[in-house]
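Before any comments, here is the structure.
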Amino acid sequence: MRLFGRRVPEVVAAVTLEPGERRTAWGLTPAGEPVVATDRGLRLPGAACLDWPDVEKATWARPMLTVVRVSTVAGTGERRTVHLEQEGGLPDVVRGAVTDSVAWSSHYRLSPAGGVRVVGRRRPAAELLDWQLVYDPGTDLSDPLVQQQAGELLLSARRTVG
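In this note's numbering, the protein residues as written are 85 to 246.
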């Protein structure tokens, strides 16, 4: 089997995909473990598929690919780093998929302090956006005023965008 002119190793071809899911890029760790990007998400060694809308950010510093899962507070989500011996086009595909999953994003300051980013992400096979509130570090999430403001901003974004 070939993908973009490269022969797909058996270990990559053996990664189980969901019905209709399509492999878009792959790489291998030094131990020969597959890292597979699909049209739906990223499959890292020893982990379940991480859907693109659940990735806050991805960074590439050869030979390390790092992905950070979305969490309530920016930058605090689970961080997974994988060493790629064979990268192929995987880093570019990952960066593009994470970026493309964001349909709408806007940052707001909150009173009395802190901030929140309202993010609408595309989830594969879903008609409506998946909305997320991602607070700035240091924002007091227990403050009822902060919660009220964030809720109003989220409602406004949903009404505006859909």
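Every residue, glycine too, gets a C-beta built ideally from N, C-alpha and C.
| query | result |
| --- | --- |
| At least three beta-carbon pairs within less than 8 Å, the stretch 164-182 to the stretch 115-130 | yes |
| Separation of Asp-214 from Arg-205, as counted between CA atoms | 5 Å |
| Whole-angstrom distance between Val-166 and Ala-98, CA atom to CA atom | 19 Å |
| Per DSSP, the bridge partner or partners of Leu-134 | Leu-126 |
| Gly-104 versus Asp-123 - alpha carbon distance | 9 Å |
| contact_flag[the stretch 146-159, the stretch 226-238] where n(CB pairs < 8 Å) is 3 or more | no |
| Rounded separation between Ala-181 and Trp-136 - CA only | 6 Å |
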